[in-house]
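First comes the structure, then the notes that go with it.
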Amino acid sequence: MGALLALASAVCYGVVDFTGGLLSRRVHFAAVTFLGQVGGLALACVAALLVTAPGVRPPDLLWGALSGVGSGVAMHFLNRGLSRGAMSVVVPVSAVTGVALSVLCGVLVLGDRPGVVAWAGIAVTVPALWLVSGGGTGPGHAVTDGLLASAGVAVQYLALGQAGPDSGLWPVAAGRVAAVLLLLPAAVRHTGRLRLPPRRAAEALLIGAGAALGLVLYLLAAQRQLLSVAVVLASLYPALPVILGVALLHERVGRRQAVGLIGAAAATVLLTLG
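So the sequence shown is numbered by the numbering used here: it starts at 857 and just counts up by one.
Written out as structure tokens, the structure is:
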């Protein structure tokens, strides 16, 4: 069940990155980021009220808030990179580096001990995602945005994984509050960026709600699975924008990307079995 929840989280994030990338090319990325966190806050609060939480402790909320800081940083630089038209570079770079940082911290600091099969899946994931990106070739600013986003991704996953299972989904809600507060000063300084047509504003809110749903699914997965394995499975999301690009935008898949997609599928099987 934990593996399926992590994969569902990856699907959510794949759709969010694809749609968020398209929207960030039509309106300013800062508006997509801020309104997205507002939409995520609304969904997280509703979800938290619906899920039983027998023991919410202050440390759980603090871990959730730290995760939200990571989310805010990740989405800011991710959307900035996507707004520059570098979806095939910034998304996989952020995922690959975020996976590496999260797994290292999980094993060295948190004491995770993946089995041999799971380690094989982890080993396959990093090169597979890199190949999905086409080998990481692209403008230097896109790689920089991806690396900065990856630090936020690692903080987001590692911190949220420390929240106790009795806290329900309140750590996710606390994280959305922290993300909104983190991004609020920039939004106040540039209020003109937030004045979007109603349709675009609604799209940004829905994209943020989808990201929050992805975090909810990841938290549920992390409570049932080794943190390092849950992170890797949830981080397979870059494969989906490539698939959606082929299906909806009629983009062509290169040989490297095809090999990467096959590797991602193999890693999914290995991690699920492991």
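Yeah, the Cβ is synthetic: ideal placement off N, Cα and C, and Gly gets one too.
These numbers were taken from a predicted model, which means no experiment stands behind them.
Just confirm the distance between the C-beta atoms of residue 933 and residue 1039, as a whole number of angstroms; I'd bet it's less than 8 Å. Rounded, the Cβ-Cβ distance is 12 Å, inconsistent with contact.
8 Å Cβ cutoff met for residue 961 and residue 1003: no
Can you give me the start and stop residues for the alpha helix (DSSP H) that residue 1047 sits inside? Taken as a continuous stretch (DSSP letters only), residue 1047 belongs to no alpha helix (DSSP H), as it is neither H nor E.
Burial state of residue 872 (16 or more Cβ within 10 Å): buried
Do the segment 1026 to 1035 and the segment 917 to 924 make contact, defined as three or more Cβ pairs closer than 8 Å? yes
Count the other CB atoms within 10 Å of the CB of residue 931; is the residue buried (16 or more) or exposed (fewer)? Looking at its Cβ environment, which holds 16 or more other Cβ atoms inside 10 Å, residue 931 is buried.
Can you name, in chain order, every residue of its own chain whose Cβ lies under 8 Å from the Cβ of residue 908, other than the five neighbours on each side? 1024
Taking residue 959 and residue 1087 to be in contact with their CB atoms under 8 Å, please state how far apart those CB atoms are, rounded to whole angstroms. 7 Å
For residue 1016, which residues in the same chain have their Cβ closer than 8 Å to its Cβ, ignoring the five residues on either side in sequence? 919, 920, 923, 1027, 1028, 1031, 1071, 1074, 1075 and 1078
Taking its Cβ as the centre, do 16 or more other Cβ atoms sit within 10 Å of residue 978, making it buried, or is it exposed? buried
DSSP on residue 1013, reduced to helix/strand/coil? helix
Assuming contact is defined by CB atoms lying nearer than 8 Å, are residue 929 and residue 1007 in contact in what I supplied? If you check the CB distance, residue 929 and residue 1007 come in under 8 Å.
Tell whether a beta-carbon distance below 8 Å holds between residue 1123 and residue 980. Yes, the Cβ-Cβ distance between residue 1123 and residue 980 is below 8 Å.
Buried or exposed, going by whether 16 or more other CB atoms sit within 10 Å of the CB of residue 1131? Residue 1131 lies beyond the stretch modelled for the chain, which goes from 857 to 1130, so this question has no answer here.
Who are the near neighbours of residue 874 in its chain, counting only those whose CB is closer than 6 Å to its CB and skipping five residues on each side? Taken in chain order, the residues that qualify are 1097 and 1100.
Using 8 Å as the threshold, is the C-beta distance between residue 957 and residue 1010 below it? yes
Express the C-alpha separation of residue 1058 and residue 882 in angstroms, rounding to a whole number. Cα to Cα, the separation comes out at about 14 Å.
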